[in-house]
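Colleague:
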Amino acid sequence: MEIKIREATAADVGAILEIVNFSILNSTSIYDYELRTIGQQMQWFEEKRTSHFPVFVAVIDNTVAGFGSYGAFRIKAAYQFTVEHSVYVADIYKGKGIGKLLMEKLITTAKTEGFHLMIGCIDADNSGSIIFHKKFGFEVTGNLKEVGYKFDRWLDLVLMQLILK
Numbered sequence: 013m014e015i016k017i018r019e020a021t022a023a024d025v026g027a028i029l030e031i032v033n034f035s036i037l038n039s040t041s042i043y044d045y046e047l048r049t050i051g052q053q054m055q056w057f058e059e060k061r062t063s064h065f066p067v068f069v070a071v072i073d074n075t076v077a078g079f080g081s082y083g084a085f086r087i088k089a090a091y092q093f094t095v096e097h098s099v100y101v102a103d104i105y106k107g108k109g110i111g112k113l114l115m116e117k118l119i120t121t122a123k124t125e126g127f128h129l130m131i132g133c134i135d136a137d138n139s140g141s142i143i144f145h146k147k148f149g150f151e152v153t154g155n156l157k158e159v160g161y162k163f164d165r166w167l168d169l170v171l172m173q174l175i176l177k
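Sequential numbering of the sequence shown, starting at 13, is according to the working numbering.
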């Protein structure tokens with residue numbers, strides 16, 4: 013099984029949307045309640061492009077198996093060297109190293125682009141993602157208690173960061 017990481021195109025947005033909507037329905041990795049539309053996901057994609065932030069896809073046999081991106085952490089000028097990232101893998105492809113390849117690509121790209129810090133915001137119950145991030149050198153730097161509410165329960169958010177050298 014060959015996994016290719018490449019820049020996403022508008023033609024990939026439908027597959028990205030499927031991954032996003034699965035996560036909305038079945039996990040706390042995205043704190044949204046409502047499924048996104050293709051128009052909303054295309055707007056997200058275009059905003060990334062116009063802001064010069066990357067969107068990468070992992071492709072197996074011409075099928076998008078996952079995607080990763082980063083964008084502005086906050087909009088104030090002093091935060092311009094900090095980005096917040098996301099990595100999502102289609103459920104049927106989890107555990108095959110796709111997330112690792114996407115994360116490596118995001119980190120390498122962020123370093124090349126001159127960013128100083130990468131942040132991940134992870135649901136506190138997602139221990140797999142926390143362990144995954146630690147493997148790349150991310151450190152837990154904060155815990156926000158009960159900041160989200162989904163699936164009839166309060167959700168805590170773990171903040172993790174990686175200083176890009």
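The beta carbon of each residue, even a glycine, is placed where N, CA and C say it ideally should be. Since the model is a prediction, treat every value here as computed from it, not as a measurement.
1. Just reading off the beta strand (DSSP E) that H97 is part of, what are its end residues?
2. How far does the alpha helix (DSSP H) with G111 in it extend, from its first residue to its last?
3. Among F85, N74, I110, whose alpha-carbon lies nearest the alpha-carbon of G132?
4. When the distance is taken between beta carbons, is L113 closer than 9 angstroms to I17?
5. Report yes if the CB atom of G78 is closer than 9 angstroms to the CB atom of Y100, and no otherwise.
6. For the alpha helix (DSSP H) containing F34, name the first residue and the last one.
7. From this set, T94, A70, E59, K157, which residue's C-alpha is nearest K106's C-alpha?
8. Can you check whether the CB of A22 is closer than 9 angstroms to the CB of F68?
9. Verify whether the separation of the beta carbon atoms of D103 and D137 is less than 9 angstroms.
10. So, helix, strand or coil for G132, using DSSP?
Modeller: Quick look at the numbers:
1. 94-101
2. 110-124
3. F85
4. yes
5. yes
6. 25-38
7. A70
8. no
9. no
10. strand
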